[in-house]
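Peer 1: For reference, the structure I am asking about is given below.
2 protein chains.
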Amino acid sequence: MSELTARLREGLPADAVLTDPDVTASYARDMADFCPAGTPAAVVLPRSVEEVQHVMRTATALRVPVVPQGARTGLSGAANAADGCVVLSLLRMDRILAINPADRTAVVEPGVVNAVLTRAVNEHGLHYPPDPSSWEQCTIGGNIGTAAGGLCCVKYGVTAEYVLGLDVVLADGRLMSTGRSTAKGVAGYDMTRLFVGSEGSLGVVVRAVLALRPRPPRQLALAAEFPSAAAAGDAVCRVMESGHVPSLMELMDRTTLRAVNDLTKMGLPESTEALLLVAFDTHDPGADLAAVGELCEAAGASQVVPAETEAESELLLQARRSVHYALEALPGTTMIDDVCVPRSRLADMLEGTAAVSEKYGLTIGVCAHAGDGNTHPTVCFDPDDEDETRRAHEAFDAIMALGLELGGTITGEHGVGVLKKEWLARELGPVGLEMQRGIKQLLDPLGLLNPGKLF
Amino acid sequence: MSELTARLREGLPADAVLTDPDVTASYARDMADFCPAGTPAAVVLPRSVEEVQHVMRTATALRVPVVPQGARTGLSGAANAADGCVVLSLLRMDRILAINPADRTAVVEPGVVNAVLTRAVNEHGLHYPPDPSSWEQCTIGGNIGTAAGGLCCVKYGVTAEYVLGLDVVLADGRLMSTGRSTAKGVAGYDMTRLFVGSEGSLGVVVRAVLALRPRPPRQLALAAEFPSAAAAGDAVCRVMESGHVPSLMELMDRTTLRAVNDLTKMGLPESTEALLLVAFDTHDPGADLAAVGELCEAAGASQVVPAETEAESELLLQARRSVHYALEALPGTTMIDDVCVPRSRLADMLEGTAAVSEKYGLTIGVCAHAGDGNTHPTVCFDPDDEDETRRAHEAFDAIMALGLELGGTITGEHGVGVLKKEWLARELGPVGLEMQRGIKQLLDPLGLLNPGKLF
């Protein structure tokens, strides 16, 4: 037994330390298949804060890197193992510790699955909005690590908006509490938000106080077909300029629609260039949808089809949620971009992405959280074809360059991981990068937490 | 002319550097009269980013402390001068640089007055929610410095929720951009939120990208009278547990009501122990108010009076906004607490505050952003009476101790300044304090920015 394994077992039950290479290899990577991943020395599955502290103290003593993991549904390689690291899986810390309807808060461990929390708070008439497409698998800890978004963001914002306070185990094993359990609080610097989206590079979240909302009415959706992605982008702007507050505003292009039909046999319209889904969870969603339908037609929609029932609306949302899996199921492999631009530049972003597709001779399926200006151009390529792979990487980069040019960001919700490190430096600029590295140095002076990510 | 003045004038117009002691003395303090304040060596009033950079470069070269200031309406002494410092007033950087209805964003300089921005965006059908009571005077830069709240927070959150990106001049004069201009973005650590609420101790905000909302319908309010503050706190919990989303939920106790009547002759009921104001800006506020009225009665309200008109509602809000001035106008002087507790502990907080008042034999007027659990107990005392002053400080501290005991924070929205330094350390604990000091050291290694505040 290695010294590392022996020391880990001093503070963890035997079944919480895995070292069989066949088993540990299965923890090596998230869903970004093409990102490099190392070979872990061990996988630990703690059940308590004290056990996490023991892992970090051991790692610090032996100078071993630690990679915190949730459900590994990430799309940037942020949870990928480093060679010789300890993979710190939080999956067994999956207790919901409290739900308080008067305070509209929940207290959870990091391994709670998003959908499990959502259903649990629903029973109290409450709602936890953040809903990444992987919500049936992904964990709250992982959501916090990436500041995950989802379909609800256009009205309800991202995970960051729902994290009030955290308990974090630092690199050296000390426990720090950040933030608060209250609706408001400004005592000192906002350390909570520093950890949200830090991709496991600053500390290990072991407990979170989350804000909840009252459960909204069920939403009703429409689908509008457009002759061009730019026309759909124009419709998005018209809707927002008119003061509407949709609960969902999603776009799928023709490539995406075909892929979804192939996977799900849903019979979405394939002759249209762009399908826009808009939903409302207001007191009279039918009236809101009627007004939005008119705005879509004014922007050039060839057809506007409101869902008749909640079930029909839910079917449209399922189509959108299946996009990632549908594009993954296409022949070859995919690289998914995550560029977010100001909403007013969405049409430019969509047209520019089509130009990139043409220039590099590659299929790029686009879906977008259109209401947020957050596009997911998915570059499809044959990984066995060297030239196509090179072109795919160039196209992937060209899309990020375009996003920055349009005043946007290289990542709206998926994070940087190992996939966009070079681009993070470009977006932050030298002063910003220096300060972010300073933060990392402050909180993880030995560089043990999730090394090789972000910077 | 001192070397400091000479160097400052090399990069600033003559009218932007004030050194007349009678003039500079008027910039020495904010509205927390009883907090210590030093004597500034100079006051500078830059109009551009470059001028701010010149000030910080000069200060760094000469090792002179700099105290950034907005309208000095703060309540914790956070903008108070240090001896020999340069007061850096951002009041002349007051341009609204852009308002974009499709993106629902505004780009502003720090000296823009809150109410000026509110009215400007209203003309585009948009709304900037944060509304501190001082909104007609206070600046966006000051609001960012304190992460200011207001009456709207129960539905719309605090300033922090509306800051998407910042341009910040660092202590050494370098310019750093943080965040984004987009609805979403997770590229690297959230440095934006680190500056929000940092009370001018980490950098000088010179430009902000703010999120806006569509303008909500006008709100309609009710006033409910309760036989005890605890009963009002119970009503607050019942309303929130029932899934309502009020746009305002404010409480005034009898001392406060009398003080407001003395100042404004408004004729608020003085025989009641606690008056709860609740408002809705929903599609049918009358129906929501009727439901809430019933909940108030179930919680023991002796009388529930819904406003008949928007004008009547606005009058109730004006009463609440005048509280600070009304309590200030009482004989003697006041110290205003800002404790925020979980909403479910509001009744305990209010009863505990009454016990503190009795124990120390002092009048303590309480108003509260009740929906947020954010109470403002205001300790009234005669500053010329040594014993009363000592008791006032003890009562002020006892209230913060009670807040922490109930799982709350020592400051919901006013910040730490010089007033609550010792208490910040208590709330954060040693590990939290060490990390916050590390952040300060990273961004301001010479300790020149607003020294003596927070820690």
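Going down the list, the protein sequences come from chains A and B. When we follow this note's numbering, the leftmost residue of the first sequence carries the number 20, and every step to the right adds one. When we follow this note's numbering, the leftmost residue of the second sequence carries the number 20, and every step to the right adds one. We put the beta carbon where it would ideally sit given N, CA and C, even for glycine. The model shown is predicted, which means the values in this text are computed figures rather than measured ones.
#1: Rank Val131(B), Thr178(B), Tyr147(B) by C-alpha distance to the C-alpha of glutamine 156(B) and give the top, closest one.
#2: How far does the beta strand (DSSP E) with isoleucine 355(A) in it extend, from its first residue to its last?
#3: Is the number of C-beta pairs between the region 377–386 of chain A and the region 404–421 of chain A that are closer than 8 Å three or more?
#4: If I measure Cβ to Cβ from isoleucine 115(B) and keep anything under 7 Å in the same chain, skipping five residues before and after, which residues do I get?
#5: Which residues, taken in chain order from the region 97–122 of chain B, show a beta carbon closer than 9 Å to some beta carbon of chain A?
#6: Going by DSSP in three states, arginine 226(B) sits in which element: helix, strand or coil?
#7: What first and last residue would you give for the alpha helix (DSSP H) that runs through cysteine 315(B)?
#8: Are histidine 2(B) and proline 402(B) close, meaning C-beta to C-beta below 8 Å?
#9: Report yes or no: do three or more beta-carbon pairs, one from the region 341–352 of chain B and one from the region 392–402 of chain B, lie closer than 8 Å?
#10: If you follow the alpha helix (DSSP H) that histidine 343(A) is part of, which residue opens it and which one closes it?
#11: Is glycine 198(A) helix, strand or coil by DSSP?
#12: Measuring only the C-alpha atoms, how far is alanine 227(A) from leucine 183(A)?
#13: With DSSP collapsed to three states, give me the class of cysteine 172(A).
#14: Starting from the Cα of phenylalanine 299(A), find the closest Cα among Val68(A), Leu170(A), Pro55(A) and give me that residue.
#15: Can you pull the chain B neighbours of glutamate 260(A), defined as C-beta to C-beta under 7 Å?
#16: Can you tell me whether isoleucine 429(B) is helix, strand or coil according to DSSP?
#17: State the CB to CB distance for the pair alanine 101(B) and proline 65(B), rounded to an integer number of angstroms; the pair is presumed to be in contact (CB under 8 Å).
#18: Taking 6 Å as the limit between beta carbons, can you name the residues of its chain near arginine 232(A), skipping five residues before and five after?
#19: According to DSSP, is serine 108(B) part of a helix, a strand, or is it coil?
#20: At the 8 Å Cβ level, is cysteine 315(B) part of the contact set with chain A, yes or no?
#21: Check distances from the C-beta atoms of the region 335–362 of chain B to those of chain A and list, in chain order, the residues that come in under 8 Å.
#22: I'd like to know if aspartate 209(B) contacts chain A, where contact means its C-beta is closer than 8 Å to some C-beta of that chain.
#23: Let me check one thing: in DSSP terms, what residues is isoleucine 115(B) bridge-paired to?
#24: One question on the structure: do alanine 44(A) and threonine 58(A) come within less than 8 Å of each other, judged by their Cβ atoms?
#25: Using a C-beta to C-beta distance shorter than 9 Å, which residues of chain A count as neighbours of cysteine 172(B)?
#26: So, helix, strand or coil for asparagine 469(A), using DSSP?
#27: To which residues does DSSP link histidine 388(A) through a beta bridge?
#28: Between the alpha carbons of alanine 117(A) and alanine 318(A), how many angstroms are there, rounded?
#29: Beta-carbon within less than 6 Å of arginine 28(B)'s beta-carbon, same chain only, minus the 5 sequence neighbours each way: which residues are those?
#30: Mind checking if threonine 372(B) is an interface residue toward chain A, Cβ cutoff 8 Å exclusive?
#31: Taking the C-alpha atoms as reference points, what is the distance between alanine 167(A) and proline 148(A)?
#32: What are the boundary residues of the beta strand (DSSP E) that glycine 184(B) is part of?
#33: With 8 Å set as the bound, which would you pick, yes or no: does the beta-carbon of histidine 302(B) sit closer than that to a beta-carbon of chain A?
#34: Mind checking which residues open and close the alpha helix (DSSP H) that includes proline 40(B)?
#35: I'd like to confirm something about proline 350(B): is its beta-carbon nearer than 7 Å to some heavy atom of the ligand FMN, or not?
#36: With a 10 Å radius around its C-beta and 16 neighbouring C-beta atoms as the bar for buried, classify glutamate 244(B) as buried or exposed.
Peer 2: The answer reads as follows:
#1: As a position in the second sequence, residue 156(B) is number 137, starting the count at 1. Comparing Cα-Cα distances from glutamine 156(B) to each of Val131(B), Thr178(B), Tyr147(B), the minimum goes to Val131(B).
#2: Walking along the first sequence from the start, residue 355(A) turns up at place 336. Looking at the DSSP string, the run of the beta strand (DSSP E) that includes isoleucine 355(A) is 352–355.
#3: yes
#4: The sequence position of residue 115(B) within the second sequence is 96, counting from 1. Here the set comprises Ala125, Val127, Val131, Leu136, Ala139.
#5: Asn119, Pro120, Ala121, Asp122
#6: One-based indexing of the second sequence puts residue 226(B) at position 207. Correct three-state label for arginine 226(B): strand.
#7: Here residue 315(B) refers to the residue found at position 296 when the second sequence is read from its first residue. Taken as a continuous stretch (DSSP letters only), the alpha helix (DSSP H) holding cysteine 315(B) covers 304–317.
#8: No information on residue 2(B) is available, as it lies outside the stretch 20 to 474 that chain B covers here.
#9: yes
#10: To locate residue 343(A), count along the first sequence from 1; it is residue 324. First-last of the alpha helix (DSSP H) with histidine 343(A): 342–347.
#11: Here the question's residue 198(A) lines up with position 179 in the first sequence. Three-state DSSP puts glycine 198(A) in a strand.
#12: Counting from one through the first sequence, the residue named residue 227(A) turns up at place 208. Counting from one through the first sequence, the residue named residue 183(A) turns up at place 164. Each residue's alpha carbon lies about 8 Å from the other.
#13: The residue labelled residue 172(A) in the question sits at position 153 within the first sequence. Helix.
#14: Here residue 299(A) corresponds to residue number 280 of the first sequence, with the count starting at 1. For phenylalanine 299(A), the nearest C-alpha among the options comes from Leu170(A).
#15: Counted from its first residue, the first sequence places residue 260(A) at position 241. Neighbours of glutamate 260(A) on chain B, chain order: Pro120, Ala121.
#16: Residue mapping note: residue 429(B) aligns to position 410 of the second sequence, counting from 1. If DSSP states are grouped into helix, strand and coil, isoleucine 429(B) belongs with coil.
#17: In the second sequence, the residue the question calls residue 101(B) occupies position 82. In the second sequence, the residue the question calls residue 65(B) occupies position 46. At roughly 19 Å, the Cβ-Cβ gap does not stay under 8 Å, so alanine 101(B) and proline 65(B) are not in contact.
#18: Residue numbering aside, residue 232(A) sits at position 213 when the first sequence is read from its first letter. Result list for arginine 232(A): His146, in chain order.
#19: Within the second sequence, the letter at position 89 stands for residue 108(B). Strand.
#20: By 1-based counting over the second sequence, the position of residue 315(B) is 296. With 8 Å as the cut-off, cysteine 315(B) does not count as an interface residue toward chain A.
#21: Cys359, Val360, Pro361, Arg362
#22: If you number the second sequence from 1, residue 209(B) lands on position 190. For aspartate 209(B), the answer is yes, since a Cβ of chain A falls inside 8 Å of its Cβ.
#23: Here residue 115(B) corresponds to residue number 96 of the second sequence, with the count starting at 1. Looking at the DSSP assignment, isoleucine 115(B) forms a beta bridge with Val127(B).
#24: Within the first sequence, residue 44(A) is the residue found at index 25, counting from 1. Within the first sequence, residue 58(A) is the residue found at index 39, counting from 1. Yes, the Cβ-Cβ distance between alanine 44(A) and threonine 58(A) is below 8 Å.
#25: Along the second sequence, one-based indexing puts residue 172(B) at 153. Here the neighbours are Ala202, Lys203.
#26: Within the first sequence, numbered from 1, the residue matching residue 469(A) stands at position 450. Asparagine 469(A) falls in the coil class under three-state DSSP.
#27: For this step, residue 388(A) is matched to residue 369 along the first sequence. DSSP output for histidine 388(A) lists Asn393(A) as bridge partner(s).
#28: Here residue 117(A) refers to the residue found at position 98 when the first sequence is read from its first residue. Here residue 318(A) refers to the residue found at position 299 when the first sequence is read from its first residue. Using only the alpha carbons, I get a separation of about 47 Å.
#29: Your numbering for residue 28(B) matches position 9 in the second sequence. Counting only Cβ-Cβ distances below 6 Å, and skipping sequence neighbours, we find Val36.
#30: Translated into the one-based positions of the second sequence, residue 372(B) becomes position 353. No, its Cβ sits nowhere closer than 8 Å to a Cβ of chain A.
#31: Counting from one through the first sequence, the residue named residue 167(A) turns up at place 148. Counting from one through the first sequence, the residue named residue 148(A) turns up at place 129. Each residue's Cα considered, the two are about 11 Å apart.
#32: As a first step, residue 184(B) must be located in the second sequence, where it is residue number 165. It spans 182–188 - the beta strand (DSSP E) in which glycine 184(B) sits, taken as one unbroken run.
#33: Taking the second sequence and counting its residues from 1, one reaches residue 302(B) at position 283. Yes, histidine 302(B) counts as interfacial toward chain A.
#34: The count along the second sequence starts at 1 and reaches residue 40(B) at position 21. Its alpha helix (DSSP H) spans residues 40–43.
#35: Although the ligand FMN was asked about, the structure shown includes no ligands whatsoever.
#36: Within the second sequence, the letter at position 225 stands for residue 244(B). So glutamate 244(B) ends up on the buried side.
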